[in-house]
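Report on one structure; see the data block that follows.
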Amino acid sequence: RPLSHPDSGTAIADRVEIARTDHGVPHIMADDLKSMGFAMAWVQSEDYGDQVAVGMVQRRGEYAWFVGPDAVSGDFTGRVIHARAEKTFSQLDSRAQAVYAGFAEGINHFVRLNPDRMPSWMAPDFTAVDAHAADVQTWSRADAAAFTRAELRRRDLIAREDHELAPNDLPASWRTAEIDAAAGAAMDFETEMDGSNAWALDGSRIESGHAVLLRNPHLSWDAGYYEAHVRVPGIIDFYGDFRIGGAFGIIGGFNEHLGWATTNNSPRYSQVYSIKKSATRRDYVLVDEREIPIESREVRVAYRNEDGTEGSASEPIRWTPWGPIVLEFDDEVFVLKDPRDGEFRRGEQFMRMMLTESLDEWLDVMKTRAHPSSNFTYADAAGNIALYYNARIPALPHESTGDTAAVVTSEADMWSELAPWESLPLYVNPPGGYVQQANDTPDYINLNVPLDRDTVAPNLPAPRLRLRSQLSLDLIHNDRVMTLEEVVELKHSPRMLAAERMLDDLLAALSATEPDPDLTEAHRVLSAWDRTAAADSRGGVLFKRWMTRYLEVTDTLVYREAWSREAPASTPSGVGSPGRAVAALKMSIEELRSEDISVDLPWGQLHRVVRGTVDEPVSGCEGGLGCFRTLSFAPTGDGRLAANRGDGWVFAVEFGEVPRGYSVLAYGQSRLEDSPYFDDQAAMFARGEMKPIHWTDAAIRAATIRRYRPGQERTEGTTGGNHE
Numbered sequence: 164r165p166l167s168h169p170d171s172g173t174a175i176a177d178r179v180e181i182a183r184t185d186h187g188v189p190h191i192m193a194d195d196l197k198s199m200g201f202a203m204a205w206v207q208s209e210d211y212g213d214q215v216a217v218g219m220v221q222r223r224g225e226y227a228w229f230v231g232p233d234a235v236s237g238d239f240t241g242r243v244i245h246a247r248a249e250k251t252f253s254q255l256d257s258r259a260q261a262v263y264a265g266f267a268e269g270i271n272h273f274v275r276l277n278p279d280r281m282p283s284w285m286a287p288d289f290t291a292v293d294a295h296a297a298d299v300q301t302w303s304r305a306d307a308a309a310f311t312r313a314e315l316r317r318r319d320l321i322a323r324e325d326h327e328l329a330p331n332d333l334p335a336s337w338r339t340a341e342i343d344a345a346a347g348a349a350m351d352f353e354t355e356m357d358g359s360n361a362w363a364l365d366g367s368r369i370e371s372g373h374a375v376l377l378r379n380p381h382l383s384w385d386a387g388y389y390e391a392h393v394r395v396p397g398i399i400d401f402y403g404d405f406r407i408g409g410a411f412g413i414i415g416g417f418n419e420h421l422g423w424a425t426t427n428n429s430p431r432y433s434q435v436y437s438i439k440k441s442a443t444r445r446d447y448v449l450v451d452e453r454e455i456p457i458e459s460r461e462v463r464v465a466y467r468n469e470d471g472t473e474g475s476a477s478e479p480i481r482w483t484p485w486g487p488i489v490l491e492f493d494d495e496v497f498v499l500k501d502p503r504d505g506e507f508r509r510g511e512q513f514m515r516m517m518l519t520e521s522l523d524e525w526l527d528v529m530k531t532r533a534h535p536s537s538n539f540t541y542a543d544a545a546g547n548i549a550l551y552y553n554a555r556i557p558a559l560p561h562e563s564t565g566d567t568a569a570v571v572t573s574e575a576d577m578w579s580e581l582a583p584w585e586s587l588p589l590y591v592n593p594p595g596g597y598v599q600q601a602n603d604t605p606d607y608i609n610l611n612v613p614l615d616r617d618t619v620a621p622n623l624p625a626p627r628l629r630l631r632s633q634l635s636l637d638l639i640h641n642d643r644v645m646t647l648e649e650v651v652e653l654k655h656s657p658r659m660l661a662a663e664r665m666l667d668d669l670l671a672a673l674s675a676t677e678p679d680p681d682l683t684e685a686h687r688v689l690s691a692w693d694r695t696a697a698a699d700s701r702g703g704v705l706f707k708r709w710m711t712r713y714l715e716v717t718d719t720l721v722y723r724e725a726w727s728r729e730a731p732a733s734t735p736s737g738v739g740s741p742g743r744a745v746a747a748l749k750m751s752i753e754e755l756r757s758e759d760i761s762v763d764l765p766w767g768q769l770h771r772v773v774r775g776t777v778d779e780p781v782s783g784c785e786g787g788l789g790c791f792r793t794l795s796f797a798p799t800g801d802g803r804l805a806a807n808r809g810d811g812w813v814f815a816v817e818f819g820e821v822p823r824g825y826s827v828l829a830y831g832q833s834r835l836e837d838s839p840y841f842d843d844q845a846a847m848f849a850r851g852e853m854k855p856i857h858w859t860d861a862a863i864r865a866a867t868i869r870r871y872r873p874g875q876e877r878t879e880g881t882t883g884g885n886h887e
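Residues in the sequence shown are numbered consecutively from 164, following this note's numbering.
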């Protein structure tokens, strides 16, 4: 790759200025979109070091050449994605091309000027195509692996409990994708580690009469949410999350007219098809009584070992006109058809969304459907609220087959188009003045207008409404009229809905049990408990441990009344196995005693925010316990638990004449431990506080602590905070 002209970075830097306000939030004031992308890459690199540049190398599929053969599996997929990025870059909107070009050159400029912060092998040779690759999609290797394992088990070709495949081994890139997909999937209570909450409230619910949007994600605290504000006069003025590593990782934010927030959804995208092979020619399949050739493809990756020797690895794949063959037998192939494969306009779509000024414009851009998933919760200055269940799912000509294959004899047996836009759920200004999403299906976005399944695509996930979603509804499905500040306070509610639903039955089971000193003490503690995960609350530690053990002894959480669509927001409830519940509590008490943890230990003495110099008690619990302030924890090594996942970048904005809002980035603006922005929001987050969002020129000036051009440092002191 040719190096960029050595003066190009300096020339672009002259067209942009960065104002860092308190807590390190960058406000990028650019002359054009290219310099905006340039500055975004620069500030991300300032705060995340080599992570941004290394990510670009990985997306080129060249990482193994620098770090060794352990990176080969990721490079296989990276090569495929990058090839697609090269092929499609010229088809992008010129504005998106400009941002990508600027982002690549911003990384190059940072690498040139900061070689001491980069690996010795890093070269400033990134291109706009490299930046574009972050937004190119491919078929799911994880789906391929899951189907293959399931099918081989159905045929008794691998052991039911054994993850080793024989005789068919999985390709390396599939195994890596499978591991990534499974990471964090197993947790106590329910597999809902990753996700988000979002609310939109219209003016009838807000004292000012203006709509409010609230959003918070629940990904790992190394997910790289990055708060920033970008401005190009006459073109863009947008404040939001720019995920580390890309130019367009915008999954939440706002301009002066409108804003949106994303929450994960989980439709089934890919579909596997069983196709017969030709009886006479091995490398052909039969479709519509025609013999269709199978293409053999190969991805080759070069690597270097620690001793400097070189090697290469290849990953072959057999391909049909409809997608890759994921499993093959003598007379049959299984083809995975994924509607995400090859889609390349995700960044372009987000850029266009950032520029919209009305609900109609925004919905028109959403029809691009380049972002494969996520519910989008929306509010605007005109007073509209909306929620769109976005999903790049196929229009199946057959019933969904789950983890099995649909049989194909004709091409008409396979899907060929996406499900129509009109078949995906959309709520606009529903009665009650609210929409909400907490990662469940779109059936209960608003309890006043439950979804009519006959009007939407049939291959949406089956209806469900888990405890976190039910608490979300309980908090806002009412007639309460609030200020923005009261919405923020409500978002931080420490209520634990599982306790509200189950504790009475557990206490009744204890009362009916033979007297026992430990159980008597547990009854006393739990009876006095306020049923929250508030930091100073006593009883939640014991209840959480009991929930974990009750899950184990019943194999699943056995309720007295299971969840039902007839009572979606008040079930499940009660304890379905009182005897096992008491046994689980006895086990929990003994475990806590062995760990020297008191059964009435305040929640926050065990559950902490530990980051840098911060070590603070925190309210909040796992989503499976029914907390809306969602946090997961990992052991600290000293018997306590530190938050490591859950509420991350939280924002709430009110759309008046000028947007007004609050935000907090729980783990700070920087991942670098020597940065003042590594832990300066952690204590604020632990206390349930948020900082004001600086939107206007005056607010930005008053809070600015650094003002500079990339690579041309100058600092100006203000009352806004401490100097770096």
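Beta carbons: idealized from backbone N, C-alpha and C, even for Gly.
Task: Between the CA atoms of Gly802 and Ser757 - distance to the nearest angstrom - done: 11 Å
Task: 4 or more residues per run - each alpha helix (DSSP H) lying fully within the stretch 225-278 - done: 226-230, 235-251 and 257-276
- [ ] State whether the stretch 700-707 contacts the stretch 764-779, with contact taken as three or more CB pairs (one from each stretch) at a distance under 8 Å.
- [x] yes
Task: Beta-carbon proximity check, Ala549 vs Leu589, cutoff 8 Å - done: yes
Task: Reduced DSSP secondary structure (H/G/I, E/B, other) of Ser359 - done: strand
Open item on the list: Between which two residues does the alpha helix (DSSP H) holding Met192 run?
Closed with: Looking at the DSSP string, Met192 is not in any alpha helix (DSSP H); the run it does join, the beta strand (DSSP E), is Pro189 to Ala193.
- [ ] Pull up the distance between the alpha-carbon of Thr681 and that of Trp812, whole angstroms please.
- [x] Note that residue 681 corresponds to Asp in the displayed sequence, not to Thr. Taking the straight line from one Cα to the other gives about 41 Å.
Task: Member of Gln875, Pro839, Arg850 and Ala620 whose CA lies at the smallest distance from the CA of Thr184 - done: Pro839
- [ ] Count the other CB atoms, across all protein chains shown, that sit within 10 Å of the CB of Thr683; report buried if there are 16 or more and exposed otherwise.
- [x] exposed
- [ ] Would you mind reading off the limits of the alpha helix (DSSP H) that contains Ile639?
- [x] Leu630 to Ile639
TODO: Go ahead and pull the three-state DSSP assignment for His295.
DONE: helix
- [ ] Could you tell me if Thr719 is buried or exposed, where buried requires 16 or more neighbouring beta carbons within 10 angstroms of its beta carbon?
- [x] exposed
Open item on the list: With the cut-off set at 8 Å, would you say Ala305 and Ala267 are in Cβ contact?
Closed with: no
Open item on the list: Assuming the contact rule is C-beta atoms closer than 8 Å, Ile856 and His190 should be a hit. Round their C-beta distance to whole Å, please.
Closed with: Wrong, their Cβ atoms sit about 11 Å apart, outside the cutoff.
Task: Contact between the stretch 374-392 and the stretch 450-459 (3+ Cβ pairs under 8 Å) - done: no
Task: Beta carbon of His111 nearer than 8 Å to that of Gly172 - done: No answer is possible for residue 111: the residues shown for the chain start at 164 and end at 887.
Open item on the list: Let me confirm a value: Trp423 is counted as buried when at least 16 other C-beta atoms fall within 10 Å, else exposed. Which label applies?
Closed with: buried
- [ ] Assign Lys707 to one of three DSSP states: helix, strand, or coil.
- [x] helix
Task: Proximity below 8 Å, CB of Ala204 to CB of Met514 - done: no
Task: Bounding residues of the beta strand (DSSP E) (the contiguous stretch that carries Tyr871) - done: Thr867 to Tyr871
Open item on the list: My output table needs one value for Gln832: the three-state DSSP class, helix, strand or coil.
Closed with: coil
Open item on the list: Under 8 Å, with one C-beta from each stretch per pair, do the stretch 532-541 and the stretch 554-566 reach the 3-pair mark?
Closed with: yes
Open item on the list: How far does the alpha helix (DSSP H) with Val650 in it extend, from its first residue to its last?
Closed with: Leu647 to Lys654
Open item on the list: Is there a Cβ of chain D sitting closer than 8 Å to that of Glu454, yes or no?
Closed with: The displayed structure is made up of one protein chain only, and chain D is not part of it.
TODO: Evaluate contact between the stretch 781-796 and the stretch 691-701, counting only Cβ atoms and requiring at least three cross-stretch pairs below 8 Å.
DONE: yes
Task: Ala348, buried or exposed, once every other Cβ within 10 Å from all chains shown has been counted against 16 - done: Confidence at Ala348 is low in this model, with a pLDDT of 46, below 50, so its placement is unreliable and no value can be given for it.
TODO: Can you tell me which of the three DSSP states Ile856 falls into?
DONE: coil
Open item on the list: When you compare the CB positions of Trp284 and Ala465, do they come within less than 8 Å of one another, or not?
Closed with: no
TODO: Return yes when the C-beta of Gly851 is under 7 Å from any heavy atom of the ligand GDP, and no when it is not.
DONE: The ligand GDP is absent from the structure shown, which contains no ligands of any kind.
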